[in-house]
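Report on the structure given below.
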Amino acid sequence: MGRLIPDDLRPGEYREHTVTVVGACGAEHTSHVYASGRGPTIRLSTDCGQHIEGTPRHPLLAETQGYLTWRSLASIKVGDGVLVCPKSLPTARKGLGLTGRDIDALEGFRTERPKITDKFEWSTVTRIESSEAETFDFVVPSSHSFIGNGFCNHNTTLGHIIAEEMGASITTSSGPVLDKPADLAGILTKLKEGDVLFIDEMHRLSPLVEEYLYSAMEDYYIDIVIDSGPNARSVKIPLPRFTMVGATTRKGLLTAPLRSRFGIDFRYDYYSAELLQAILIRSANILNVSIEKEGAWEIARRSRGTPRIANRLLRRARDFAQVEGDGRISLKTADRALTALDVDKEGLDEMDTRILLSLIDKFNGGPAGLSTLSVSVGEESGTIEEVYEPYLIQEGYMQRTSRGRIATKRAYQHLNRKIPGEMPMLFDDQNAEPSE
């Protein structure tokens, strides 16, 4: 399959290169290799005298509660059982873990899983050391990735990150745009080996287009029907091995056959304030704006856990700093800017507050139906359900019940409203004296 690492590959260089490596699905053939430069590695010593060295995230077959599972090197502990190459095979080198000829023993791994123990040995980890070595990243264009996200935070960005990490080109599209099979076929046939296809809002794909994806993702071909009537014929078009990345905010609307064809399924939550603070400091450097850590923290914690909102608020805070201050975003400047934008201390904006106040003041805290609530605040019901409700429910300001929306105790406290006393229920007091 070629040399393990080209001798003339320099740090930062990326080129086509084919070897057999181990991945999450067993033996895989790489398409490209990237020299990552010198980086941290983990070296495992085992009781049989073998050593395995690799990057912290390198996959390794290990025993977990009696099962053979893939685990990263960083998760392995002293005493864990791992599979290692017999001494008759070459040992791993260059910070890659099990690679090259070592992994040739895994050929047929998918269909001959029971035979793997005939080609490898069980061994117990006796020592773990941290080290450094020249590390390399291989591109394996076989598995598809799926991103599930209920909050519209960063699906597209993550799709680009996956392509960048793989060293591949990315083609982006959206579910509503691909309304005909011909549209999808045109995109698929233009892909090159190892490319990434990213489809956002995947739950809005038409059923006909979705069915075309099945064979494309599973067997890398599509069937196109030419002509019609008696002259109709089906033509099979082979496709290059590509990586499919789908994203949706409504995973439940995806059909089971489509979900099952993704090898990796992720679901992402809101960003923490600490991560947003780091993003804001980086964005401020790009915008050439001076920002204090306290100012970045104030914006981060009031950004609803979303980088897009955080960067938008950062630009508005910059405007305030340049017009009313010395150009530096301090805690005071950030607070004044966010207050002027009707973003309160908890990150709720003007519409969030209107929704909660409407529930409390007009409907006695609820329950209130979605259509009724939308009329009371002058906003489309779909916008309330998809844009505002997720954050309010996640943060504990609202409950969604079968009877409608209800304001929680936290909403009353945040808006300085008196929490109504609980109404006594019939037969509540079993020990009450009977009235005469």
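Numbering-wise, our numbering puts 1268 at position 434 of the sequence shown, and it's gapless, one number per residue.
For each residue, glycine too, the CB sits at the ideal point set by N, CA and C.
| Asked | Found |
| --- | --- |
| Return the first residue and the last residue of the alpha helix (DSSP H) that T1235 is part of. | Per DSSP, T1235 belongs to no alpha helix (DSSP H); it is in the beta strand (DSSP E), M1232 to T1235. |
| To which residues of the same chain is R1170 closer than 8 Å at the C-beta, ignoring the five residues directly before and after it? | F1154 and E1158 |
| Using the Cα positions of R1142 and Y1105, report the straight-line distance between them to the nearest angstrom. | 11 Å |
| Does the beta-carbon of F1100 have 16 or more other beta-carbons within 10 angstroms, so that it is buried, or is it exposed? | exposed |
| Within the same chain, show all residues whose beta-carbon is closer than 6 Å to that of R1136, passing over the 5 residues directly before and after it, in chain order. | L1172, V1177 and G1181 |
| For a quick check, are the C-beta atoms of I1163 and L1148 less than 9 Å apart? | yes |
| Assuming the contact rule is C-beta atoms closer than 8 Å, E966 and T880 should be a hit. Round their C-beta distance to whole Å, please. | With a Cβ gap of about 21 Å, E966 and T880 do not count as contacting. |
| Could you tell me the alpha carbon to alpha carbon distance between L1207 and K1196, rounded to whole angstroms? | 10 Å |
| With C-beta atoms as the reference, is P1201 less than 9 Å away from R1239? | yes |
| Count the C-beta pairs between the region 1104-1120 and the region 1035-1053 that are closer than 8 Å, then say yes if the count reaches three, no if not. | no |
| Helix, strand or coil, according to DSSP, for K911 in the structure here? | coil |
| Just how far apart, CA to CA, sit L1092 and Y1054? | 15 Å |
| Considering only residues of the same chain and omitting the five flanking positions on each side of T951, which have a CB-CB separation below 6 Å? | Low confidence applies to T951: its pLDDT is 41, below 50, so where it sits in the model is not reliable enough to give any reading. |
| Kindly indicate which three-state DSSP category F1154 falls into: helix, strand or coil? | helix |
| With distances taken Cα to Cα, identify the nearest neighbour of D1186 among N1198, I1218 and G1199. | I1218 |
| Return the first residue and the last residue of the beta strand (DSSP E) that S1007 is part of. | I1004 to S1008 |
| For K1179, which of D1013, D1103, A1134 and D1160 has the nearest alpha-carbon? | A1134 |
| How about D1017 and A1081: are their beta carbons less than 9 Å apart? | no |
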